[in-house]
Amino acid sequence: MRGEARTGTSFYRHVRVHTFDILGDQSLGFLGQASEVAVRDRPRTQRVCWGVILLAIASTCCSAKEPTNTNTSIATENTSSGTTANHKTTSTKTTAADSDAGQQTAGTPAETVESIWTRKQGEDWPRMLGVHFDSRSSEKGIRTQWGPKGLPLVWSKPTGIGYGNGVTSKGRWFQFDRFGAVERLNCYRAETGEPLWSWDALVEYRDPYGYNNGPRCSPVVDGEYVYTYGVAGRLSCVRILDGKPVWSRDINTEYRVVPNFFGVGASPVIYGDFILAMVGGSPKRSAFSRSPTVNDLPGASPDGSAIVAFDKRTGNEVYRVGNYLASYSAPVIAKLDGVDHCVALVREGVLVFRAIDGSGEQFFPWRADMLESVNAASPLVFDGKIFISEAYEIGSAMLQWRDGKLEELWRDSGTRSSQSMRTHWNTPLLDGNTLFASSGRNQPDTDLRALQLEGTNRPKLRWSQRNRDRGTALIVDSHFLWLGETGKLQLIPTAAESYQVTTEMDLGSIIDPNDGQPLVNPPSWAPPVLSHGLLYIRGSDKLLCLELIPPESAK
Numbered sequence: 043m044r045g046e047a048r049t050g051t052s053f054y055r056h057v058r059v060h061t062f063d064i065l066g067d068q069s070l071g072f073l074g075q076a077s078e079v080a081v082r083d084r085p086r087t088q089r090v091c092w093g094v095i096l097l098a099i100a101s102t103c104c105s106a107k108e109p110t111n112t113n114t115s116i117a118t119e120n121t122s123s124g125t126t127a128n129h130k131t132t133s134t135k136t137t138a139a140d141s142d143a144g145q146q147t148a149g150t151p152a153e154t155v156e157s158i159w160t161r162k163q164g165e166d167w168p169r170m171l172g173v174h175f176d177s178r179s180s181e182k183g184i185r186t187q188w189g190p191k192g193l194p195l196v197w198s199k200p201t202g203i204g205y206g207n208g209v210t211s212k213g214r215w216f217q218f219d220r221f222g223a224v225e226r227l228n229c230y231r232a233e234t235g236e237p238l239w240s241w242d243a244l245v246e247y248r249d250p251y252g253y254n255n256g257p258r259c260s261p262v263v264d265g266e267y268v269y270t271y272g273v274a275g276r277l278s279c280v281r282i283l284d285g286k287p288v289w290s291r292d293i294n295t296e297y298r299v300v301p302n303f304f305g306v307g308a309s310p311v312i313y314g315d316f317i318l319a320m321v322g323g324s325p326k327r328s329a330f331s332r333s334p335t336v337n338d339l340p341g342a343s344p345d346g347s348a349i350v351a352f353d354k355r356t357g358n359e360v361y362r363v364g365n366y367l368a369s370y371s372a373p374v375i376a377k378l379d380g381v382d383h384c385v386a387l388v389r390e391g392v393l394v395f396r397a398i399d400g401s402g403e404q405f406f407p408w409r410a411d412m413l414e415s416v417n418a419a420s421p422l423v424f425d426g427k428i429f430i431s432e433a434y435e436i437g438s439a440m441l442q443w444r445d446g447k448l449e450e451l452w453r454d455s456g457t458r459s460s461q462s463m464r465t466h467w468n469t470p471l472l473d474g475n476t477l478f479a480s481s482g483r484n485q486p487d488t489d490l491r492a493l494q495l496e497g498t499n500r501p502k503l504r505w506s507q508r509n510r511d512r513g514t515a516l517i518v519d520s521h522f523l524w525l526g527e528t529g530k531l532q533l534i535p536t537a538a539e540s541y542q543v544t545t546e547m548d549l550g551s552i553i554d555p556n557d558g559q560p561l562v563n564p565p566s567w568a569p570p571v572l573s574h575g576l577l578y579i580r581g582s583d584k585l586l587c588l589e590l591i592p593p594e595s596a597k
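Each residue of the sequence shown is one higher than the last, beginning at 43 in the numbering used here.
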């Protein structure tokens, strides 16, 4: 419970998990050792009474702790040396702890963080899908002939476990992974991989389907702060200068989130003074109820917290919107009718609202009927249209935003093989009027395809390539840079009328001189990142930095 002083929901959990030995009812768990010693030798009727009394106390404590406008204060622990990613460093290491010591506020006067880039040309990539939520880079001068050795390897680092890639800001690379019992945010010098600092937070999570137990979300950087959203729902703010924590909240506990299939996986987004997180909480449960598990998801009901806006400086709730549950699709910010809106593909469909205050809520249902289906690709918003896609049953649809309402332009129908696009966890990319994406749920039914958009009509297939390799991508310098989950990296011209590969390399078959292992061990599910000419790729256990744009070409 890490300093929660046995109050509120944490005390209830502690009492509740110890009632089995007293009451013989597994649904109630079992009471703490001290309580057990006091009552275990008493007659059963007395034991039942004791159990009810203690649970009533726990329930009273629970009812005093509401989720709105509460946050966890932080204690910092500075050390002269620490370890990050299996190597020693002289960086600062800080740890999240539930204590009143060291609490700060983001946005209060602090040291200015200067850029440490030496590669002056290029742009930062401070959040998942880049600056404009579209995985497009404005950088120029990419290498188009990679040769038998592929792109030059600048540096590589072992990672912990997780699925998300990192982000860049001010010459720093932020990588968020799990190491043992903690989730760790490592900060490296982006050009060299030199460790600068690390920050840890305890985590308890085990994936019920056998996937790894690390975080799924990428960090997001805003100004002088970086924010993380852990697999068990811990939302945190950390200073990018030195890794000192500012605030942290246990979102899953506070908002009573019924665990989703694979933990928390929708990266948050910054808008103005807010950080918007997909929460999807549920109503308060009875004091006699056990903690919810993924088995409760089929019967889970929402409580109006699909998206919650928190003050990015303090972590306090500002507003909440949407009576829906969470998905794995990262929300995006886009202008609709000239007004900034948040567009989120939640578990049940598309939720749109004004980002400034949560007003003007609109919804369009979009989810496969099968229980174990998820929405994972982010919505693609352009020219007042919203393209959505999933890979389980129903495929894709195009919506039009008109006069504050969502209108359907077209949707896929028929069998999966006849559907225009079926993106699983990769967000489609737009270049001109062509959509590029990996389409298919599993490897056997997956292809790489380009769709030609036809205004308000259904799109036409421009080309497809049955590669049986799911992947992610970015668009840069008139090319579609595609990364397959097994480590194949391909450069495809966006203007090509058919599937054409300009150059490619297989990261799974090239040996890393630093450790004698392949550059990429599958799966590589995180989208690639390009910043200041450097391409960052994450496999299952390693982070790579490759040079896609030579410094002289970037000028």
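By construction, the Cβ of each residue, glycine as well, lies at the ideal position given by its N, Cα and C atoms. Predicted, not measured: the structure shown is a model, and the values here were computed from it.
CB contact flag (residue i, residue j, <8 Å)
{"i": "Leu227", "j": "Trp241", "result": "yes"}
{"i": "Gly575", "j": "Leu590", "result": "yes"}
{"i": "Leu195", "j": "Leu588", "result": "yes"}
{"i": "Gly305", "j": "Val268", "result": "no"}
{"i": "Val311", "j": "Val262", "result": "yes"}
{"i": "Thr544", "j": "Leu533", "result": "yes"}
{"i": "Ala418", "j": "Ser369", "result": "yes"}
{"i": "Asp454", "j": "Ile436", "result": "yes"}
{"i": "Tyr578", "j": "Gly307", "result": "no"}
{"i": "Thr498", "j": "Leu451", "result": "yes"}
{"i": "Val299", "j": "Ile293", "result": "yes"}
Whole-angstrom distance between residue j and residue i, CA atom to CA atom
{"i": "Gly346", "j": "Asp511", "result": "38 Å"}
{"i": "Gly558", "j": "Gly202", "result": "18 Å"}
{"i": "Trp598", "j": "Thr136", "result": "As displayed, the chain neither begins before 43 nor continues past 597, which places residue 598 out of reach and without an answer."}
{"i": "Asn255", "j": "Gly204", "result": "7 Å"}
{"i": "Ile349", "j": "Phe405", "result": "13 Å"}
{"i": "Thr17", "j": "Leu171", "result": "Residue 17 is absent from the model: the chain starts at 43 and stops at 597."}
{"i": "Asp142", "j": "Tyr297", "result": "Residue placement at Asp142 is poorly supported in this model, since its pLDDT is 34, which falls under 50; the coordinates still yield a value, given next. So the alpha carbons of these two residues sit roughly 22 Å apart."}
{"i": "Leu393", "j": "Ser177", "result": "21 Å"}
{"i": "Val360", "j": "Ala329", "result": "28 Å"}
{"i": "Ala410", "j": "Ser438", "result": "11 Å"}
{"i": "Asp166", "j": "Ser595", "result": "18 Å"}
{"i": "Tyr253", "j": "Val245", "result": "16 Å"}
{"i": "Arg185", "j": "Asp519", "result": "10 Å"}
{"i": "Ala479", "j": "Ser462", "result": "11 Å"}
{"i": "Trp467", "j": "Arg458", "result": "17 Å"}
{"i": "Ile398", "j": "Gly341", "result": "32 Å"}
{"i": "Leu97", "j": "Gln507", "result": "In this prediction, Leu97 has a pLDDT of 43, which is less than 50 and means its spatial position is unreliable; what the coordinates show is noted afterwards. Spanning the two alpha carbons is a distance of roughly 60 Å."}
{"i": "Ser198", "j": "Leu525", "result": "17 Å"}
Where residue i falls: helix, strand or coil (DSSP)
{"i": "Gly285", "result": "coil"}
{"i": "Glu225", "result": "strand"}
{"i": "Val336", "result": "helix"}
{"i": "Gln507", "result": "strand"}
{"i": "Gly535", "result": "Sequence check: residue 535 is Pro here, not Gly. Three-state result, Pro535: strand."}
{"i": "Ser29", "result": "Here the chain has residues from 43 to 597 only, and residue 29 is not among them."}
{"i": "Asn294", "result": "helix"}
{"i": "Gly9", "result": "This structure leaves residue 9 out entirely; the chain is present only between 43 and 597."}
{"i": "Gln485", "result": "helix"}
{"i": "Lys502", "result": "strand"}
Cβ-based burial, residue i [other Cβ within 10 Å; buried from 16]
{"i": "Glu449", "result": "exposed"}
{"i": "Ile317", "result": "buried"}
{"i": "His174", "result": "exposed"}
{"i": "Leu219", "result": "Looking at the sequence itself, residue 219 is Asp, so the reference to Leu does not match. That one is buried."}
{"i": "Leu503", "result": "exposed"}
{"i": "Pro486", "result": "exposed"}
{"i": "Tyr251", "result": "exposed"}
Same chain, Cβ closer than 6 Å to residue i, five either side skipped, listed in chain order
{"i": "Asp598", "result": "This structure cannot settle anything about residue 598, because the visible part of the chain is limited to 43 through 597."}
{"i": "Ala648", "result": "What the structure shows of the chain is the stretch from 43 to 597, and residue 648 is not part of that stretch, so it cannot be assessed."}
{"i": "Ile95", "result": "Confidence at Ile95 is low in this model, with a pLDDT of 46, below 50, so the placement of that residue is unreliable and no value is reported for it."}
Own chain partners of residue i with C-beta closer than 7 Å, once the 5 adjacent residues on each side are dropped
{"i": "Gly391", "result": "Phe405, Phe406, Pro407, Trp408 and Arg409"}
{"i": "Ser211", "result": "Asp166, Pro168, Val263 and Ile282"}
{"i": "Val423", "result": "Val374, Ala376 and Val385"}
Chain-order list of residues whose beta-carbon lies under 8 Å from that of residue i (same chain, five-residue window excluded)
{"i": "His521", "result": "Ile184, Thr186, Leu533, Ile534, Pro535, Thr536 and Thr544"}
{"i": "Phe303", "result": "Pro250, Tyr251, Val336, Leu339, Glu414 and Val416"}
{"i": "Phe395", "result": "Ile349, Val363, Gly364, His383, Cys384, Ser401, Gly402, Glu403 and Gln404"}
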